[in-house]
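J.: The structure under discussion is supplied below as structure tokens; questions concerning it will follow.
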DNA sequence: AGCTACATACCAACCGGTCGGTATTGACGG
DNA sequence: CCGTCAATACCGACCGGTTGGTATGTAGCT
């Protein structure tokens, strides 16, 4: 018997995180008590504080899970050095599919994004701003080069993209008729159609 | 003297609402205590509960302030019976300018939109869904009529629009270089460019 | 024995909300 | 013009319950 107790094979720490993720996404961070988290995870408060130093650490962990993959993917895409259209399509595809795959985490995080500024989160927020700035820079450069139409500013275009991913958790259903890949395709087609139209 | 005390001419009830609005937008509803609200408003808890039955009423009031104007404007626009492009442009213009004019209220409300389902808010949420459905229906019909390109589903397009307004409070500055009218114009141009491009 | 992995019991602070009280007001009678 | 009265506006102390967090205990593995 590898472990001591009833261990359903999930790992207590992971189970706590999953429970917190569900509850934060449903009710919000502040509205969720530590007691609710441990009840759903099937542990006690002592157990939670054995693995996490504070309630906020749960959020920070989700923060990291959501952003780290996206940032890594961004670097990989940019490193290819392809043309703006291909690059922007790749970014949109990654962020839509990635966000859909972690919709509960994304829901929990995106809602509290504005609030948190407790030192440990500032680094992550800065990383996220870098992501956004990369997208805007890509669009800006392509517009200057005449590859994209200057129909709208990079800010408005980028927020159209991020707005979809931020709201994805409110309407996307993984068992629905439209898979994330198709949504990504639609969004990329729509954005590129606007960006390639004649000025 | 018309009034009794130091009354800066603001009206206590209005001052409480303004204070709550700022704090909810900054910290979120749950993270803001009633004590914080009354401290900033310069009144006491007894004073607040004289005007409002519960903390939630403050949110509901903002809810109403944000939505009622938008819904009324929507009906006015739709009643004109103009073509889809004009109608969509008018809607985008109204929602961007209107949201920018009430950015603090919008920030407070949009963040808590998913959470609240306490009977009184369900009516307002239903109204808001009706708004979204009107936009999607407009796009869907125009696509069926061949006026708009079917490049993306009405859902994705509409969330591109609402995504911008939902995130407006994070980057829009009323004293910034770009007025709300210009952002509205850009967004409308961008969306229509995508929607009018050849399939 | 000592370490990890939890459980149990508990705490001070704070939460939203209530309540009895007071100061000020406008309406009305005389 | 004054006195009376009820209503309004607001105060500040207080309540039960809940919060995030901790100190201590203990069962099992090494």
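Chains as they are written, first to last, in the numbering used here: chain A, 1 to 199; chain B, 200 to 398. Ideal placement from N, C-alpha and C gives every residue a C-beta, glycine not left out.
1) Find the residues of chain A that neighbour residue 385/B, judging by a C-beta separation of less than 8 Å, and give them in chain order.
2) Tell me the residue span of the alpha helix (DSSP H) that contains residue 228/B.
3) Can you tell me where the alpha helix (DSSP H) holding residue 298/B begins and where it ends?
4) Can the beta-carbon of residue 136/A be found less than 8 Å from the beta-carbon of residue 158/A?
5) Look up residue 314/B in the DSSP assignment and say whether it is helix, strand or coil.
6) For residue 115/A, go through chain B and note every residue whose CB falls closer than 7 Å to its CB, in chain order.
7) Provide the residue span of the alpha helix (DSSP H) that contains residue 185/A, from first to last.
8) I want to verify the contact list: residues of chain A whose CB lies under 9 Å from the CB of residue 282/B, in sequence order.
9) Just to confirm before moving on: does the CB-CB distance between residue 65/A and residue 105/A stay below 8 Å?
10) What's the C-alpha gap between residue 295/B and residue 43/A?
11) Does the CB of residue 338/B have a neighbour CB from chain A at under 8 Å?
12) Here's a check: name, in chain order, each residue in its chain whose Cβ is nearer than 7 Å to the Cβ of residue 155/A, leaving out the five neighbours to either side.
13) Check whether the Cβ atoms of residue 393/B and residue 191/A lie closer than 8 Å to each other.
14) Between which two residues does the alpha helix (DSSP H) containing residue 339/B stretch?
15) Output needed for residue 101/A: all residues of its chain with C-beta closer than 8 Å, excluding positions within five of it in sequence on either side, in chain order.
16) List, in order along the chain, the chain B residues whose C-beta lies closer than 8 Å to that of residue 197/A?
17) Does any residue of chain B bring its CB to less than 8 Å from the CB of residue 6/A?
18) Anything in chain A within Cβ reach of residue 320/B, meaning under 7 Å, just list it in chain order.
19) Provide the residue span of the alpha helix (DSSP H) that contains residue 241/B, from first to last.
20) Check whether the Cβ of residue 361/B lies closer than 8 Å to any Cβ atom in chain A.
21) Find the nearest neighbour of residue 98/A within the set 18/A, 19/A, 172/A, 150/A, judged by alpha-carbon distance.
22) Show which residues of chain B have a CB atom less than 8 Å away from the CB atom of residue 189/A.
23) Counting only beta-carbon atoms, is residue 167/A nearer than 8 Å to chain B?
24) In whole angstroms, what separates the C-alpha of residue 68/A from that of residue 278/B?
25) Just the C-alpha distance for residue 170/A and residue 177/A, rounded to the nearest angstrom, thanks.
26) Against chain A, with Cβ distances strictly below 8 Å, would residue 236/B count as a contact?
27) Three-state secondary structure (DSSP) at residue 66/A?
T.: So, to answer that:
1) What you label residue 385/B is simply residue 186 of the second chain in a count that begins at 1. Those are 151, 152, 153, 156, listed as they occur along chain A.
2) In the second chain, residue 228/B corresponds to position 29, counting from 1. Taken as a continuous stretch (DSSP letters only), residue 228/B belongs to no alpha helix (DSSP H), as it is neither H nor E.
3) For this step, residue 298/B is matched to residue 99 along the second chain. Unbroken alpha helix (DSSP H) run through residue 298/B: 283–300.
4) Numbered from its first residue, the first chain carries residue 136/A at position 136. Numbered from its first residue, the first chain carries residue 158/A at position 158. Yes, these two residues count as a Cβ contact at 8 Å.
5) Numbered from its first residue, the second chain carries residue 314/B at position 115. Note: residue 314/B maps to coil in three-state DSSP.
6) Start at 1 with the first residue of the first chain, and residue 115/A comes out as number 115. Simply 226, 227, 230.
7) As a first step, residue 185/A must be located in the first chain, where it is residue number 185. Run containing residue 185/A: 180–196, per the alpha helix (DSSP H) assignment.
8) Indexing the second chain from 1 puts residue 282/B at position 83. The premise fails here: residue 282/B is roughly 19 Å from chain A at the closest Cβ pair, so nothing lies under 9 Å.
9) Position 65 of the first chain, counted from the first residue, corresponds to residue 65/A. Position 105 of the first chain, counted from the first residue, corresponds to residue 105/A. Going by C-beta atoms, residue 65/A is nearer than 8 Å to residue 105/A.
10) Translated into positions along the second chain, residue 295/B becomes position 96. Translated into positions along the first chain, residue 43/A becomes position 43. Whole-angstrom Cα-Cα distance: 47 Å.
11) Counting from 1 along the second chain, the entry for residue 338/B is found at position 139. Cβ-Cβ to chain A under 8 Å: no for residue 338/B.
12) Within the first chain, the letter at position 155 stands for residue 155/A. The answer, listed in chain order, is 136.
13) Mapped onto the second chain, residue 393/B falls at position 194. Mapped onto the first chain, residue 191/A falls at position 191. Yes, the pair counts as a contact, with Cβ atoms nearer than the cut-off.
14) Translated into the one-based positions of the second chain, residue 339/B becomes position 140. From DSSP, the alpha helix (DSSP H) with residue 339/B extends over 319–343.
15) One-based indexing of the first chain puts residue 101/A at position 101. Contacts found: 180.
16) As a first step, residue 197/A must be located in the first chain, where it is residue number 197. Ordered by position in chain B, the residues that pass the 8 Å Cβ test against residue 197/A are 392, 393, 395, 396.
17) If you number the first chain from 1, residue 6/A lands on position 6. Because residue 6/A sits at a pLDDT of 43, beneath the cut-off of 50, its placement in the model cannot be relied upon, and the following sentence gives the value as read from the coordinates. Residue 6/A does not count as touching chain B.
18) Mapped onto the second chain, residue 320/B falls at position 121. Residues of chain A passing the Cβ test: none, with the nearest at roughly 14 Å.
19) Residue mapping note: residue 241/B aligns to position 42 of the second chain, counting from 1. No alpha helix (DSSP H) holds residue 241/B; DSSP gives it neither H nor E.
20) The count along the second chain starts at 1 and reaches residue 361/B at position 162. Chain A, which has a Cβ nearer than 8 Å to the Cβ of residue 361/B, makes this yes.
21) As a working note, residue 98/A is residue 98 in the first chain. Restricting attention to 18/A, 19/A, 172/A, 150/A, the CA atom closest to the CA of residue 98/A is found in 172/A.
22) Within the first chain, the letter at position 189 stands for residue 189/A. Correct list: 350, 351.
23) As a position in the first chain, residue 167/A is number 167, starting the count at 1. Chain B, which has a Cβ nearer than 8 Å to the Cβ of residue 167/A, makes this yes.
24) Along the first chain, one-based indexing puts residue 68/A at 68. Along the second chain, one-based indexing puts residue 278/B at 79. Cα to Cα, residue 68/A sits roughly 48 Å from residue 278/B.
25) As a first step, residue 170/A must be located in the first chain, where it is residue number 170. As a first step, residue 177/A must be located in the first chain, where it is residue number 177. Going by the C-alpha atoms only, they are around 15 Å apart.
26) Position 37 of the second chain, counted from the first residue, corresponds to residue 236/B. No, no contact with chain A.
27) Here residue 66/A corresponds to residue number 66 of the first chain, with the count starting at 1. Residue 66/A: helix per DSSP, three-state reduction.
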